[in-house]
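Report on one structure; see the data block that follows.
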């Protein structure tokens, strides 16, 4: 892949006096996605499985939301929409589990909890679909972030709709977990490329050219 700056930007950009917030937003998204996906893949069988929750609010939520606001300052509608939306997603996950989901599980309404998660993932898969299409104008690394995320959300939605009253991760939930881990790895790589390539040194990480460009 060609060596192109890995910022999450629309084709037409303007100069900005602030640093590129995309690597920070991608890092927050990657870490929180990894923690939740590791739980779904049943890697955390000897832990509470709730390690992701605080970071869903603080890192994947607030930090990513801030990255989205800084992208608005950069006049980057794609990055602003992506980061602000998924920042809101993670904050919403935090409050849903704290205020609603925990109560459902305490009452034994596991099926309701799983179906709620299925609807949440399905709704965000709709959003992610047009962002995936738009990402072909950015670069290959960003496109792969949205592609793997699309698969995570679709498989995760189907898995939670089919999980029924199973409290432990079912086979399909585990598959969604492994895809989510891949999504986190791609997002971490894209974040790292943004940091390294943005430093102006000889060390460069390839991110690929846009699939669709002028």
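Numbering (the numbering used here), first residue to last: 469 to 682. Just so you know, even glycine gets a beta-carbon here, dropped at the ideal spot from N, CA and C.
Problem set entry | Among 488, 641 and 601, nearest to residue 509 - alpha-carbon criterion | Locating residue 509 in the chain shown gives position 41, where the first residue counts as 1. Out of 488, 641 and 601, 641 has the C-alpha closest to the C-alpha of residue 509.
- request: Please classify residue 598: is it buried, with 16 or more other beta-carbons within 10 angstroms of its beta-carbon, or exposed?
  value: As a working mapping, residue 598 is identified with position 130 in the chain shown. Flag for residue 598 reads exposed.
**Classification of residue 490 by the beta-carbon crowding that lies within 10 angstroms, buried from 16 upward** = As a position in the chain shown, residue 490 is number 22, starting the count at 1. Counting Cβ neighbours within 10 Å, residue 490 comes out buried, since at least 16 surround it.
Beta-carbon contacts of residue 680 that lie in its chain and below 8 Å, excluding the five residues immediately before and after
Numbered from its first residue, the chain shown carries residue 680 at position 212. Cβ neighbours of residue 680 beyond the five flanking positions: 604 and 605.
Note to self: If contacts are defined as beta-carbon pairs under 8 Å, then residue 547 and residue 608 qualify, I think. What distance do you get, rounded to the angstrom?
What the structure shows: Within the chain shown, numbered from 1, the residue matching residue 547 stands at position 79. Within the chain shown, numbered from 1, the residue matching residue 608 stands at position 140. With 8 Å as the limit, residue 547 and residue 608 do not qualify as a contact, their Cβ atoms being about 16 Å apart.
Exercise. State buried or exposed for residue 533, treating a residue as buried only when at least 16 other CB atoms are found within 10 Å of its CB.
Key: As a working mapping, residue 533 is identified with position 65 in the chain shown. With 16 or more Cβ atoms within 10 Å of its Cβ, residue 533 is classed as buried.
**Prompt:** Do you know whose CA, among 671, 516, 501 and 615, lies nearest residue 561's CA?
**Reply:** Residue numbering aside, residue 561 sits at position 93 when the chain shown is read from its first letter. The candidate whose alpha carbon is nearest that of residue 561 is 501.
Worksheet item: Relative to the C-alpha of residue 495, which residue among 486, 529, 516 and 515 is closest?
Response: Working through the chain shown from its first residue, we reach residue 495 at position 27. Residue 495 has its Cα closest to that of 529, out of 486, 529, 516 and 515.
Legend entry - Secondary structure of residue 566, DSSP reduced to three states: For the purposes of this step, residue 566 is identified with residue 98 of the chain shown, where counting begins at 1. Of the three classes helix, strand and coil, the one that applies to residue 566 here is helix, per DSSP.
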